Amino acid sequence: QGLCDYVILGHSERRQLFGETDEAINRKVKAAFSHSLRPILCVGETLEQREAGRAGAVVAQQLREDLSELHDITGLLVAYEPVWAIGTGQAATPEIAAEIMGGTVQASLTALFGAAADDVPVLYGGSVNAENVGSYLRLGAIHGALVGGASLQADQFLRIIQETATAKL
987 QGLCDYVILG
997 HSERRQLFGE
1007 TDEAINRKVK
1017 AAFSHSLRPI
1027 LCVGETLEQR
1037 EAGRAGAVVA
1047 QQLREDLSEL
1057 HDITGLLVAY
1067 EPVWAIGTGQ
1077 AATPEIAAEI
1087 MGGTVQASLT
1097 ALFGAAADDV
1107 PVLYGGSVNA
1117 ENVGSYLRLG
1127 AIHGALVGGA
1137 SLQADQFLRI
1147 IQETATAKL
């Protein structure tokens, strides 16, 4: 094994601040696989897209474009990170997250890759903290969390780990 096993691709801040396109993300996903890295592909909608009723369509399009021309997705993880929740302290409700993750993400992956989609862990990554992580993980559609700012404080991150262990029991 090398120094790194996973790589986060398509994070909302890269999309927003650096204008990273789905085409560029697709190239990076392919490069990750070709270098034996497990890509954690981030997808999610803006507040404007959600309010316009387009959240599912936006996420489905990101998945189609970001995973275009791939035939084997073994090792892929997908993280749903609603852009409007990143760094705001305003997390999506577990029901909203489950709707996108268990519905849109899973349906899109199945349409693209068939039964292989069942082996893709789906993570939630929108303002995750020790107080809310358990409510996400108790839903069957969510397999884990992509923790951002809360991971910068050791005590908070430890509490998230403890809550995760409890929620998974």
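For the sequence shown, the residue numbers in my numbering are 987 to 1155.
Beta carbons are placed, not taken as given, at the ideal position from N, Cα and C, and that holds for glycine.
As the structure is a prediction and not an experimental result, all values here were calculated from the model.
>> Assuming A1127 and G1088 are in contact, meaning their beta carbons sit under 8 angstroms apart, how far apart are those beta carbons, in whole angstroms?
In response: Between G1088 and A1127 the Cβ distance is about 3 angstroms, and since that is below 8 angstroms, they are a contact.
>> Beta-carbon within less than 7 angstroms of A1084's beta-carbon, same chain only, minus the 5 sequence neighbours each way: which residues are those?
In response: L1125, A1127 and I1128
>> DSSP three-state label for A1131, please.
In response: Looking at A1131 - three-state DSSP - the assignment turns out to be strand.
> Should Y992 go down as buried or exposed, given a rule of 16 or more other Cβ atoms within 10 Å for buried?
Replying inline: exposed
> Would you say the segment 1031-1038 touches the segment 1006-1013, given that touching needs at least three Cβ pairs under 8 angstroms?
Replying inline: no
>> Within 8 angstroms, do at least three Cβ pairs link the segment 1037-1055 to the segment 1094-1104?
In response: Enough Cβ pairs lie closer than 8 angstroms, so yes.
> With 16 other CB atoms within 10 Å as the buried threshold, where does G1135 fall?
Replying inline: exposed
> CB-CB under 6 angstroms to A1046, same chain, minus the five flanking residues each way: which ones, in chain order?
Replying inline: T1090 and S1094
> Around the Cβ of A1018, are there at least 16 other Cβ atoms within 10 angstroms (buried) or fewer (exposed)?
Replying inline: buried
> What are the boundary residues of the beta strand (DSSP E) that R1024 is part of?
Replying inline: Counting along the chain, the beta strand (DSSP E) containing R1024 begins and ends at R1024 to V1029.
>> Per DSSP, what are the beta-bridge partners of V1108 in this structure?
In response: V1064
> If we ignore side chains and look at the alpha-carbon of each, how far apart do Q1148 and R1013 end up?
Replying inline: Each residue's Cα considered, the two are about 36 angstroms apart.
> When DSSP builds the beta bridges, which residues end up paired with I994?
Replying inline: As DSSP reads the structure, I994 sits in a beta bridge with I1026.
> Near R1024, which residues of its chain fall below 8 angstroms by C-beta distance, leaving aside the five closest residues on each side in sequence?
Replying inline: D991, Y992, V993, A1018, G1061, L1062 and L1063
> Going by Cα to Cα distance, which pick from P1068, V1015 and S1022 is closest to T1036?
Replying inline: It should be noted that the sequence gives Arg, not Thr, for residue 1036. Residue P1068 holds the alpha-carbon nearest to the alpha-carbon of R1036 among P1068, V1015 and S1022.
> Relative to the alpha-carbon of A1102, which residue among I1059, S1022, R1000 and E1055 has its alpha-carbon at the smallest distance?
Replying inline: I1059
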